[in-house]
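In our numbering, the protein residues as written are -14 to 527.
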Ligand code: GLC
Ligand code: CA
């Protein structure tokens, strides 16, 4: 593969705790990924992105990192990691790891040192410690909120407060401190030397904060995503500060030290006009397309998002990405089976009862959406289980929930565990082939028939749809051209051409439409009488 492999790749996201467990402790591990590498090879993915596997107290599913240069003993060893990289590379699969630069775990040696050190000490300067407001300093230094609910500041017994944009266990680093900058450059080199091919940058739009005194309060948008926060606070004191770009320019030079150059994808919930700055030629290579992820099942909305995504990425010489889900969002099979605009948080709180999701409809649409995104020019990120058509597990009992949002919001947000349930590999066994014991979250009844084993060889299965689509996609993916088809693209039907010969149609409406006479390469549902049924996508060869 060339240096530009990432421009049209399919990248499979692994959430390691929930992928495959080899030692029967109920937690997925690195050796499990190696053992199951054949699945990824037969699926036909180009790369895997591993969510954090680093030593962690798991206060935020591993995104609270205590040591950025090791593997959590619960998940294995560095030797296991090296074996995984070798196995993946042996199958031509690249490996991308997750870099979490905004914060560390409270168990990181730096933070422990900071807690033991007095206010004003160099150890505290690696993080963001401030005195509180009010006569006795008992009010937080600003009204900033944690993304997981509650204040973004926690007070220590000595009276100072420290900043954490996420859980209390995730103190924010001070990115104006040269030591912090040097540390992350070193971490990037560490993993690059170990053979990783790229990095996913966690909350890439955070890092810097406007800490000029007095700290500025923000307009708080309850339960809003970063997108809504920015809309309400265009000069936001802690999202998307301009200084962050210097860091990515420096990192890009580090990536270029290696052969082939390492690549990076940004996680940044920002509007396109701001996101584009992270993708300038001397910064990061690509960014997740969250507008696409949030797009409702509506042709007009898709047209707008697709046009905008292609245009803004092309303006900086890169490609768009296409994303339906990840470890932070409700699975698309469920979302697309709910009425558009359903409050997903309220839905989760009702254990998925109010309103009930039409899973059959949702899966039908998710399969069509997969053919849509896999046909678009650029790269596609597939989250584990998406290829099996797994729905959200909305009714996990409160006792098993581990997402910090559940406690931090006083049980008003259930959080993201429902998309992190261990995936089913086989029809039987205590965790359906995930491991030799029940997994760390229970699998719902009915998942045996969604297992890799059950779907393999069944031409109507979601797994075989993905396998076919990934294989056929290789024929036209290198050609980045894209054009709406003048004849067929209309109303509820999306139609576009890719490469010289491929015509893609997606019917988001409720009536069947007549298909042109052409060879069917793959369709998301059976076609009948030369028509494309409702909620169905097809790739044709002209
Ligand atoms: C990112 C991760 C999410 C994590 C948060 C804090 O959004 O995807 O899982 O909780 O960053 O690190
Ligand atoms: Ca294990």
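In this text, a Cβ means the ideal position worked out from N, Cα and C, and glycines have one as well.
Heavy atom of ligand 1 within 6 Å of residue i beta-carbon
i, result
"residue 48", "yes"
"residue 187", "yes"
"residue 45", "yes"
"residue 151", "yes"
"residue 121", "no"
"residue 313", "yes"
N-terminal and C-terminal residue of the beta strand (DSSP E) that residue i is part of
i, result
"residue 529", "Shown here, the chain extends from -14 to 527; a query on residue 529 therefore has no answer."
"residue 35", "32 to 35"
"residue 506", "504 to 508"
"residue 140", "138 to 140"
"residue 467", "467 to 469"
"residue 308", "306 to 308"
Assigned secondary structure, residue i (DSSP; H/G/I helix, E/B strand, else coil)
i, result
"residue 392", "helix"
"residue 287", "helix"
"residue 3", "helix"
"residue -10", "helix"
"residue 521", "strand"
"residue 27", "helix"
"residue 74", "helix"
"residue 50", "coil"
"residue 88", "strand"
"residue 131", "coil"
"residue 157", "strand"
"residue 234", "helix"
"residue 528", "Nothing about residue 528 can be read from this structure; the chain reaches only from -14 to 527."
"residue 428", "coil"
"residue 254", "coil"
"residue 95", "helix"
"residue 314", "coil"
"residue 526", "strand"
"residue 108", "coil"
"residue 301", "coil"
"residue 12", "coil"
"residue 447", "helix"
"residue 272", "strand"
"residue 294", "helix"
"residue 227", "coil"
"residue 615", "With the chain covering -14 to 527 only, the question about residue 615 has no answer from this structure."
"residue 281", "coil"
"residue 163", "helix"
"residue 462", "coil"
"residue 265", "coil"
"residue 339", "coil"
"residue 102", "coil"
First and last residue of the uninterrupted alpha helix (DSSP H) at residue i
i, result
"residue 495", "Note, residue 495: premise wrong, no alpha helix (DSSP H); not H, not E."
"residue 39", "Residue 39 -> no alpha helix (DSSP H), and no H or E assigned at all."
"residue 277", "275 to 278"
"residue 147", "It is not in any alpha helix (DSSP H) - residue 147 instead sits in the beta strand (DSSP E) that spans 146 to 148."
"residue 17", "15 to 20"
"residue 321", "Run containing residue 321: none; DSSP gives neither H nor E here."
"residue 330", "329 to 334"
"residue 438", "437 to 440"
beta-carbon residue i near ligand 2 non-hydrogen atom, thresh 6 Å
i, result
"residue 8", "yes"
"residue 14", "yes"
Cross-strand partners of residue i (DSSP beta bridge)
i, result
"residue 475", "478"
"residue -4", "32, 366"
"residue 240", "Paired residue(s): none; residue 240 is not in a bridge."
"residue 513", "516"
"residue 483", "467, 487"
"residue 118", "124"
"residue 454", "Paired residues: none, contrary to the question."
"residue 248", "183"
"residue 499", "516"
At which residue ranges does the segment 167 to 223 contain complete alpha helix (DSSP H) runs of 4 or more residues, listed in the order of the chain? 211 to 217
Complete alpha helix (DSSP H) runs within the segment 343 to 424 (minimum length 4 residues, chain order): 344 to 360, 389 to 393
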